[in-house]
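Student:
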Amino acid sequence: MSTTPSLAAKRPSTLRGGHLPKWAPWAIAAGSVALGLGVSAAAGLHSSVQWALIAAILHVLGTYVIAARVENRRQAKDRVVTSLVWVAFLLAVVPLASLVWSTVQRGVKVLDVYFLTHSMGVVTDAETGGGIYHAILGTLEQVGLATLIAAPVGVLTAIYLVEYGRGNLARAVTFFVDVMTGIPSIVAGLFILSLMLIFEMQPFGFAGSLALAILMMPVVVRSTEEMLKLVPNELREASLALGVPKWRTILKVVLPTSLGGITTGIMLSIARIAGETAPVLLLVFGSKFINANPFEGAQASLPLYIYQQYGSGEVTAYDRAWAASLTLIAFVMILNLVARGIARWKAPKTGR
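Note that full-length UniProt numbering has the sequence shown beginning at 1, numbered continuously upward.
Structure below.
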């Protein structure tokens, strides 16, 4: 009887090399942070940014050296790329978390029910009290009117470009949408301001809505256009093969299929214009009193309120500015969460 199979069974496999345990990346990261703190202390560096960069460099180098010795160079390169991704992620998240933490820490000083339900009225910038009710009302009205203008125009423009657009007109529309995407907000405000000067009009809330709608339209067009392109052509062809007119195919097949993505794009465009200050400063002018009529008289908004309070130079005004900033961040965060919820709710169902 041959003993070859038994010898082959006992022979160790040469196809598998060493492998780092699952806790190795965390251990390397902890060691890199400790070494970074040690090097910073020895060099007399007091900036947290400096020791963080040193720790990140040590983490990448340490990952490559340890992985190359234990595993192989190919696996070491893979781990280095993974480490670079994590470092880039932390570099992006840490400033954002620091911003949110600073806003929350300073904004909660005066943020309460009274602050949210009262206006500045006759309160001066140097006095305590006052609130942002008039600014919240102005922001909701201005952004709401801008959405009523920009959302239908943007969606219909995207439908034209995807479903009907051919030739020079479609190329011209696409070009101008691309140009409008990068237009500065102050330019949109100056455009509306020039029309107000021509017709001798005073500042009012709807003028700010027009400028915000100009900024919102290209975002809606681009997001809607991409969502419509994701709808399979087979759905359109099946509907047309049954004799359904093209307009009805778009209305009953294409739009319902992409409704979640379109709604998400509109929500994100609303979040993008909610913090604009320059056009509101030019066109709405701001007011300390409650003005529920956006078509007459100066009106406040949250970004303008923050700008004016911080520019006053008073300590109490700084606290109100931080509290208004926290409210604006919460408003934008809620819009993003609603957009994600709608996208998940309206996402096409997949099954087996």
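Glycine is no exception: its CB is placed at the ideal position from the N, C-alpha and C atoms.
In this text, all values refer to a predicted model and were calculated from it rather than measured experimentally.
For Gln75, which of helix, strand or coil comes out of DSSP?
Tutor: Looking at Gln75 - three-state DSSP - the assignment turns out to be helix.
Student: Scan the region 52–138 and note each continuous alpha helix (DSSP H) run of 4 residues or more that stays entirely inside, going in chain order.
Tutor: Taking only runs of at least 4 residues, the alpha helix (DSSP H) segments lying wholly in the region 52–138 are 73–107 and 113–117.
Student: Starting from Leu251 and walking both ways along the alpha helix (DSSP H), at which residues does that stretch end?
Tutor: Taken as a continuous stretch (DSSP letters only), Leu251 belongs to no alpha helix (DSSP H), as it is neither H nor E.
Student: For Leu210, which residues from the same chain have a beta carbon less than 6 angstroms from its beta carbon, with the 5 sequence-adjacent residues on both sides left out?
Tutor: So the list reads Ile192, once near-sequence residues are dropped.
Student: May I have the straight-line CA-CA distance separating Asp112 from Ile132, to the nearest angstrom?
Tutor: Cα to Cα, Asp112 sits roughly 11 angstroms from Ile132.
Student: Whole angstroms is fine: what's the gap from Gly205's alpha carbon to Leu140's?
Tutor: Straight-line Cα distance between these residues: approximately 11 angstroms.
Student: Among the candidates Met217, Pro152, Leu58 and Val49, whose CA atom is the shortest distance from the CA of Arg272?
Tutor: Measuring from the Cα of Arg272, the nearest candidate turns out to be Met217.
Student: For Ile229, report the span of its alpha helix (DSSP H) as first-last.
Tutor: Note that residue 229 is Lys in the sequence shown, not Ile. Gly205 to Lys229 is the extent of the alpha helix (DSSP H) around Lys229.
Student: Mind checking whether Ile262 and Val143 have CB atoms under 8 angstroms apart?
Tutor: Not closer than 8 angstroms, so no.
Student: Can you tell me where the alpha helix (DSSP H) holding Thr174 begins and where it ends?
Tutor: Counting along the chain, the alpha helix (DSSP H) containing Thr174 begins and ends at Gly167 to Thr181.
Student: Enumerate in chain order the residues of its own chain whose CB-to-CB distance from Val332 is below 8 angstroms, with the five nearest sequence positions on each side excluded.
Tutor: Hits under 8 angstroms: Ala271, Ala274 and Gly275.
Student: Return the CA-CA distance between Phe289 and Ser194, expressed in angstroms with no decimal places.
Tutor: Near 26 angstroms, if we compare the C-alpha coordinates of Ser194 and Phe289.
Student: Are the Cβ atoms of Val220 and Ala150 separated by less than 8 angstroms?
Tutor: A contact, by the Cβ cut-off of 8 angstroms.
Student: Please say whether Val70 and Leu35 have beta carbons closer to each other than 8 angstroms?
Tutor: No; because the gap between Cβ atoms is not below 8 angstroms, this pair is not in contact.
Student: Under the criterion of a Cβ to heavy atom distance below 7 angstroms, does Leu242 qualify as lining the ligand HEM?
Tutor: With respect to small molecules bound, the structure shown includes none, and the ligand HEM cannot be examined in it.
Student: Could you check if Ala97 is buried or exposed, using at least 16 other CB atoms within 10 Å of its CB as the buried criterion?
Tutor: Exposed: under 16 other Cβ atoms inside 10 Å.
Student: In angstroms with no decimal places, state the Cα-to-Cα distance between Val173 and Arg222.
Tutor: For Val173 and Arg222, the distance between alpha carbons rounds to 12 angstroms.
Student: Within 8 angstroms, do at least three Cβ pairs link the region 52–71 to the region 19–33?
Tutor: Contact between the region 19–33 and the region 52–71 is present, because at least three Cβ pairs lie under 8 angstroms.
Student: Tell me the residue span of the alpha helix (DSSP H) that contains Thr327.
Tutor: Unbroken alpha helix (DSSP H) run through Thr327: Val315 to Trp345.
Student: Please classify Arg79 as buried or exposed, where buried requires at least 16 neighbouring CB atoms within 10 angstroms.
Tutor: Burial call: buried.
Student: Within its chain, find whatever has a CB closer than 8 angstroms to the CB of Leu240; leave out the 5 residues flanking it on each side and keep chain order.
Tutor: Result list for Leu240: Lys246 and Thr249, in chain order.
Student: Along the alpha helix (DSSP H) that carries Met196, what are the first and last residues, could you check?
Tutor: Looking at the DSSP string, the run of the alpha helix (DSSP H) that includes Met196 is Ser185 to Ile198.
Student: At a cut of 8 angstroms, does the region 167–182 reach the region 293–302 through at least three beta carbon pairs?
Tutor: With a cut-off of 8 angstroms, the region 293–302 and the region 167–182 do not count as touching, because too few Cβ pairs lie within range.
Student: Check the DSSP bridge columns for Phe285 and list the partner residues they point to.
Tutor: Answer is Gln299, bridged to Phe285.
Student: Would you say the region 319–334 touches the region 107–125, given that touching needs at least three Cβ pairs under 8 angstroms?
Tutor: Yes, since at least three Cβ pairs between the region 319–334 and the region 107–125 fall closer than 8 angstroms, the two stretches touch.
Student: Can you check whether the CB of Ser301 is closer than 8 angstroms to the CB of Val284?
Tutor: It is a contact, given that the beta carbons lie within the stated cut-off.
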